[in-house]
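Residues in the sequence shown are numbered from 1 upward in steps of one, following UniProt numbering.
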Amino acid sequence: MSEPTTPYIAVQVPMMPRDTNRHGTIFGGVLLSYIDLAGAITAQRELQLRGGNPKASFVTVAINRVEFKKPVLVGDVVRFETSVVRVGRTSMTVHIEVYAERGADTIHVTSAEGVFVGVDLSTPERKPVELFPQA
């Protein structure tokens, strides 16, 4: 697959006071965890939609280049839009765009690319498995 898939809203969540740092803005690590979650959800969804290997469960290999452009505040509803940009033999690369909805405004917060590998969790080795094995 060479071109990105249609954007998909994988996660949308309101930011709560428990997610803040001492400056009153949302911790970057909270947003990173949702970026990771959104990418994994998208990889699993794509695998299922395309009839891929049912033994494949995704683990994160990399989250590339995350630079926070704008702060996220308590009460913002943060949207994680994703698209699959590459499907390999055992891995999937997902692009994630992060937006904060603040009242009538939508603010682009950051973007990232995540690489997720399909592994077989039923084995102790958890080795990578082919996502779309040939029949």
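Yeah, the Cβ is synthetic: ideal placement off N, Cα and C, and Gly gets one too.
| Item | Value |
| --- | --- |
| Buried or exposed for alanine 104, going by 16 or more other Cβ atoms inside 10 Å? | exposed |
| Below 8 Å, can you find three or more Cβ-Cβ pairs linking the segment 105-113 to the segment 16-25? | no |
| What residues match up with methionine 15 in a beta bridge as DSSP calls it? | None, per the DSSP bridge assignment. |
| Would you kindly work out how many angstroms separate the C-alpha atoms of valine 115 and threonine 93, rounded to a whole number? | 4 Å |
| In whole angstroms, give me the CA-to-CA distance for methionine 1 and valine 84. | Model confidence at methionine 1 stands at a pLDDT of 43, short of 50, so the residue's coordinates are unreliable and nothing is read from them. |
| Here's a check: name, in chain order, each residue in its chain whose Cβ is nearer than 6 Å to the Cβ of arginine 102, leaving out the five neighbours to either side. | Asp76 |
| Taking the CB atoms as reference points, tell me whether valine 87 and tyrosine 34 lie closer together than 8 Å. | no |
| In chain order, what residues of the same chain have a beta carbon less than 7 Å from the beta carbon of glutamine 44, not counting five sequence neighbours either side? | Phe58 |
| Per DSSP, which one or two residues make a beta bridge with aspartate 36? | Paired residue(s): none; aspartate 36 is not in a bridge. |
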